[in-house]
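Engineer: Chains as they are written, first to last, in this note's numbering: chain B, 92 to 245; chain R, 92 to 245; chain Y, 92 to 245.
We put the CB at the ideal spot given by N, CA and C, even for glycine.
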Amino acid sequence: MTNPEQMLESLGYSLPEPAKPVAAYIPVRRTGNLLFVSGQIPMREGALIAKGRVPSEVSMEMAQKCAVQCALNGLAAVKAAAGGLERVAQVVRLGVFVACDGDFTQQPQVANAASELLVKVFGDAGRHARAAVGAPSLPLGAPVEIEFLVEVRG
Amino acid sequence: MTNPEQMLESLGYSLPEPAKPVAAYIPVRRTGNLLFVSGQIPMREGALIAKGRVPSEVSMEMAQKCAVQCALNGLAAVKAAAGGLERVAQVVRLGVFVACDGDFTQQPQVANAASELLVKVFGDAGRHARAAVGAPSLPLGAPVEIEFLVEVRG
Amino acid sequence: MTNPEQMLESLGYSLPEPAKPVAAYIPVRRTGNLLFVSGQIPMREGALIAKGRVPSEVSMEMAQKCAVQCALNGLAAVKAAAGGLERVAQVVRLGVFVACDGDFTQQPQVANAASELLVKVFGDAGRHARAAVGAPSLPLGAPVEIEFLVEVRG
Chain B
92 MTNPEQMLES LGYSLPEPAK PVAAYIPVRR TGNLLFVSGQ IPMREGALIA
142 KGRVPSEVSM EMAQKCAVQC ALNGLAAVKA AAGGLERVAQ VVRLGVFVAC
192 DGDFTQQPQV ANAASELLVK VFGDAGRHAR AAVGAPSLPL GAPVEIEFLV
242 EVRG
Chain R
92 MTNPEQMLES LGYSLPEPAK PVAAYIPVRR TGNLLFVSGQ IPMREGALIA
142 KGRVPSEVSM EMAQKCAVQC ALNGLAAVKA AAGGLERVAQ VVRLGVFVAC
192 DGDFTQQPQV ANAASELLVK VFGDAGRHAR AAVGAPSLPL GAPVEIEFLV
242 EVRG
Chain Y
92 MTNPEQMLES LGYSLPEPAK PVAAYIPVRR TGNLLFVSGQ IPMREGALIA
142 KGRVPSEVSM EMAQKCAVQC ALNGLAAVKA AAGGLERVAQ VVRLGVFVAC
192 DGDFTQQPQV ANAASELLVK VFGDAGRHAR AAVGAPSLPL GAPVEIEFLV
242 EVRG
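(1) Do three or more CB pairs link the region 100 to 118 of chain B to the region 218 to 234 of chain B at distances below 8 Å?
(2) Looking at chain B, is there any beta carbon in it that lies within less than 9 Å of the beta carbon of Gln197 (chain Y)?
(3) Pick from R:Phe195, R:Gly137, R:Pro133, R:Val169: whose alpha carbon is nearest that of Met153 (chain R)?
(4) Just verifying my parser: in three-state terms, what is the DSSP assignment at Gln155 (chain Y)?
(5) Return the Cβ separation of Phe172 (chain B) and Val212 (chain B) in integer angstroms, given the expectation that the two are a contact with Cβ distance under 8 Å.
(6) Please report how far the alpha carbon of Val241 (chain Y) lies from the alpha carbon of Glu207 (chain Y), in whole angstroms.
(7) At least one CB of chain Y closer than 9 Å to the CB of Gly174 (chain R): is that the case?
(8) Suppose you measure from the CA of Ala205 (chain Y) to the CA of Glu136 (chain R); what does that come to, to the nearest Å?
(9) Pro227 (chain R) versus chain Y: which residues are under 7 Å apart at the beta carbon?
(10) Along the alpha helix (DSSP H) that carries Gln197 (chain R), what are the first and last residues, could you check?
(11) Between the C-alpha atoms of Leu246 (chain Y) and Val159 (chain Y), what's the straight-line distance to the nearest angstrom?
(12) Taking the alpha-carbon positions, what's the Gly246 (chain R) to Val128 (chain R) distance?
(13) Along chain Y, which residues have their Cβ under 9 Å away from the Cβ of Cys191 (chain R)?
(14) Mark Glu236 (chain B) as exposed unless 16 or more other C-beta atoms lie within 10 angstroms of its C-beta, in which case mark it buried.
(15) With a cut-off of 9 Å, does the C-beta of Val119 (chain B) fall near any C-beta of chain Y?
(16) Here's a check: name, in chain order, each residue in its chain whose Cβ is nearer than 8 Å to the Cβ of Gly143 (chain Y), leaving out the five neighbours to either side.
(17) Counting only beta-carbon atoms, is Ala223 (chain B) nearer than 9 Å to chain R?
(18) Looking at C-alpha atoms only, which residue of R:Gln97, R:Gln131, R:Met98, R:Gly123 is the closest neighbour of Ala110 (chain R)?
(19) Take the Cβ of Gly245 (chain R) as the centre, count every other Cβ of all protein chains shown within 10 Å, and call the residue buried at 16 or more, exposed below.
(20) Among R:Lys170, R:Ala141, R:Val169, R:Ala168, which residue has its Cα nearest to the Cα of Cys157 (chain R)?
(21) Spatial neighbours of Ala162 (chain R) within its chain, please: CB distance less than 7 Å, with the 5 preceding and 5 following residues excluded, ordered by chain position.
(22) To the nearest angstrom, how far is it from the Cα of Gly175 (chain Y) to the Cα of Val169 (chain Y)?
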C-alpha cells in the first residue's frame with residue numbers, strides 16, 4: 092500500500108484540521124481495532140460548501156464534491172485518532188445519507204465519489220461495505236452526511 | 092441448528108447469485124468475525140421487483156416481499172463471503188430503510204418480513220437488533236433497503 | 092466512574108422496565124464485548140410521549156424530551172442485557188433519526204439531549220461517535236428513534 096497521505100496529496104487533496112469535539116459527542120470512538128467516525132458533513136474552513144437538497148437545490152456534481160469533502164473530513168478524524176492514515180488496516184463501512192427530493196434515486200452516484208476516493212487512497216484496503224439512502228434534510232442543511240467505520244492495525 | 096440452506100429451500104426460497112462487486116464498494120467487508128453487508132435492494136434477476144414509495148405506490152404486501160428479497164440477496168452475499176451459511180454464528184443487526192410517504196409509520200411491519208425469514212433460517216441465532224426508519228427515496232427507486240451485520244464462526 | 096444508576100437517580104430519572112422482545116427482532120444482540128441495541132422510540136408506560144414531525148407537529152423542546160426517553164429505554168435494554176449499567180465500558184455510537192419537515196436542519200440539537208444524558212451518566216465513557224439525520228417518518232409516528240452501540244467489560 093502506498094503511503095495514503097502522499098496519495099491524497101498526489102490527487103490534489105489536503106486534509107483539513109480535524110474538527111474539535113463538539114458538545115457531548117466526539118469525532119471518533121475506538122473499540123478494539125475499530126474506529127467509529129461520527130457523521131461528517133461537507134464543512135470546509137468552517138462553512139458548508141453547499142446547502143440544500145439534491146438535485147433541486149444542489150447538482151449531482153456538487154453533491155459529489157460534498158461527498159468527497161465528507162471523506163476528507165472523515166480521514167482527518169481518522170488520522171488524528173489513529174496517529175496517521177498508514178495505521179488504517181481497512182475501511183469497513185460507510186453510511187451515506189443524501190438530502191434529496193422525493194424522486195431522486197441516484198444516492199449511489201453521490202456516494203461513489205467518497206468511495207472512489209477511499210479506494211484511490213488505500214487501494215483494496217479502501218473497499219468497503221456501504222449503505223446509501225435518502226433523507227428529507229440533514230444537519231445545518233448539509234446535502235450529504237457520511238459516517239465511517241475503519242479498522243486500524245492493532 | 093438446521094442447515095440454513097436446506098431450511099431456505101424447504102421454505103420455497105432459493106438464493107440468487109451473489110451480486111458482483113460494483114465500482115468502489117463491495118458487497119461484504121469482514122473485520123474479525125463480523126461481516127458488514129452493504130445495503131441490499133430488492134433486485135431479482137437484474138431488476139427491482141417493485142419501485143416507489145410505501146404505501147401510495149407500493150402496497151404493504153409488496154413491501155414485505157421486497158424486504159424478503161433484500162434478505163435473500165443479503166444471505167447470498169453472506170454465503171459467498173463466509174463460504175456457506177452454516178458458518179453464520181448469529182445475525183447481529185439489521186438496518187432497514189423504507190421509502191415511504193410522510194404519514195407512513197409501519198416500517199416495523201415491513202422489516203418484520205426480513206427479520207422473520209432470518210429466524211426461520213437460523214433459529215435463535217437469526218434474532219437480531221434492528222433499526223427501521225423511513226426515507227424519502229432510495230437507490231434506483233427501491234421501496235426497501237436493508238443492510239446486515241452478521242457474525243461468523245472464527 | 093460514579094455508579095451510573097445512582098447518577099441517573101440523582102438526575103431525577105428512573106429506568107423503565109426493559110421492553111419485551113417483539114416478534115423476530117430483539118432489544119439487544121451481543122457480539123464479543125459489543126452490545127447492538129435496537130432502535131428505541133420514546134415509549135413511556137406503553138405509549139409514545141409525542142407523535143409527529145419536528146418542528147411543525149412536535150417542538151424542539153419536546154423532541155429533546157423524546158431523545159432523552161429513547162436514551163432511557165436504551166439504557167434499560169443495556170442494563171438487562173449486561174446485568175447492570177456498571178458493566179458498560181463505553182458508549183461507542185448513536186444513530187439518531189429525527190422525523191422532521193424538509194426544512195428542519197437542527198437534528199444535532201435534538202440528538203444532543205440523548206448524548207448529554209449519556210455523558211452525565213457515564214462521564215467520559217459516555218462520549219460517543221454519532222450520526223444524526225432526518226427522516227420523513229418513523230415507526231408508530233415517533234418523532235425520534237435512536238439506536239445504540241455500547242461496549243461492555245469482558
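Structural biologist: Considering the structure as presented:
(1) no
(2) For the purposes of this step, residue 197 (chain Y) is identified with residue 106 of the third sequence, where counting begins at 1. Gln197 (chain Y) counts as touching chain B.
(3) In the second sequence, counting from the first residue as 1, residue 153 (chain R) sits at position 62. Considering only alpha carbons, the answer is R:Pro133.
(4) Working through the third sequence from its first residue, we reach residue 155 (chain Y) at position 64. Here Gln155 (chain Y) sits in helix by DSSP.
(5) Here residue 172 (chain B) is taken as the residue at index 81 of the first sequence, counted from 1. Here residue 212 (chain B) is taken as the residue at index 121 of the first sequence, counted from 1. Note that residue 172 (chain B) is Ala in the sequence shown, not Phe. Not a contact, Cβ separation roughly 16 Å.
(6) Stepping through the third sequence from its first residue, residue 241 (chain Y) is reached at position 150. Stepping through the third sequence from its first residue, residue 207 (chain Y) is reached at position 116. Distance between the alpha carbons of Val241 (chain Y) and Glu207 (chain Y): 16 Å.
(7) As a working mapping, residue 174 (chain R) is identified with position 83 in the second sequence. It does not; no Cβ of chain Y falls within 9 Å.
(8) For the purposes of this step, residue 205 (chain Y) is taken as residue 114 along the third sequence, with counting starting at 1. For the purposes of this step, residue 136 (chain R) is taken as residue 45 along the second sequence, with counting starting at 1. Ala205 (chain Y) and Glu136 (chain R): Cα-Cα distance of roughly 43 Å.
(9) Along the second sequence, read from residue 1 onward, the residue named residue 227 (chain R) stands at position 136. Annotation: Cβ neighbours of Pro227 (chain R) in chain Y (cutoff 7 Å, chain order): Pro227.
(10) As a first step, residue 197 (chain R) must be located in the second sequence, where it is residue number 106. Note, Gln197 (chain R): premise wrong, no alpha helix (DSSP H); not H, not E.
(11) Residue 246 (chain Y) is absent from the structure shown; chain Y starts at 92 and stops at 245.
(12) One cannot answer for residue 246 (chain R) here, as it falls past the ends of chain R, which runs 92 to 245.
(13) Taking the first residue of the second sequence as 1, we reach residue 191 (chain R) at position 100. By Cβ distance, chain Y contributes Pro227, Ser228.
(14) For the purposes of this step, residue 236 (chain B) is identified with residue 145 of the first sequence, where counting begins at 1. Its Cβ being crowded by 16 or more others within 10 Å, Glu236 (chain B) is buried.
(15) Position 28 of the first sequence, counting from 1, holds the residue named residue 119 (chain B). Yes, Val119 (chain B) lies at the interface with chain Y (some Cβ there is under 9 Å from its Cβ).
(16) Counting from 1 along the third sequence, the entry for residue 143 (chain Y) is found at position 52. Closer than 8 Å at Cβ, skipping near neighbours: Val149, Ala190, Gly232, Pro234.
(17) In the first sequence, residue 223 (chain B) corresponds to position 132, counting from 1. For Ala223 (chain B), the answer is yes, since a Cβ of chain R falls inside 9 Å of its Cβ.
(18) One-based indexing of the second sequence puts residue 110 (chain R) at position 19. The shortest C-alpha separation from Ala110 (chain R) is found at R:Gln131.
(19) Indexing the second sequence from 1 puts residue 245 (chain R) at position 154. Looking at its Cβ environment, which holds fewer than 16 other Cβ atoms inside 10 Å, Gly245 (chain R) is exposed.
(20) On the second sequence, residue 157 (chain R) is found 66 positions in, with the first residue counted as 1. Closest in alpha carbon position to Cys157 (chain R), among R:Lys170, R:Ala141, R:Val169, R:Ala168, is R:Ala141.
(21) Here residue 162 (chain R) refers to the residue found at position 71 when the second sequence is read from its first residue. Hits under 7 Å: Ala205, Leu208, Leu209, Ile237.
(22) On the third sequence, residue 175 (chain Y) is found 84 positions in, with the first residue counted as 1. On the third sequence, residue 169 (chain Y) is found 78 positions in, with the first residue counted as 1. C-alpha separation (whole angstroms): 8 Å.
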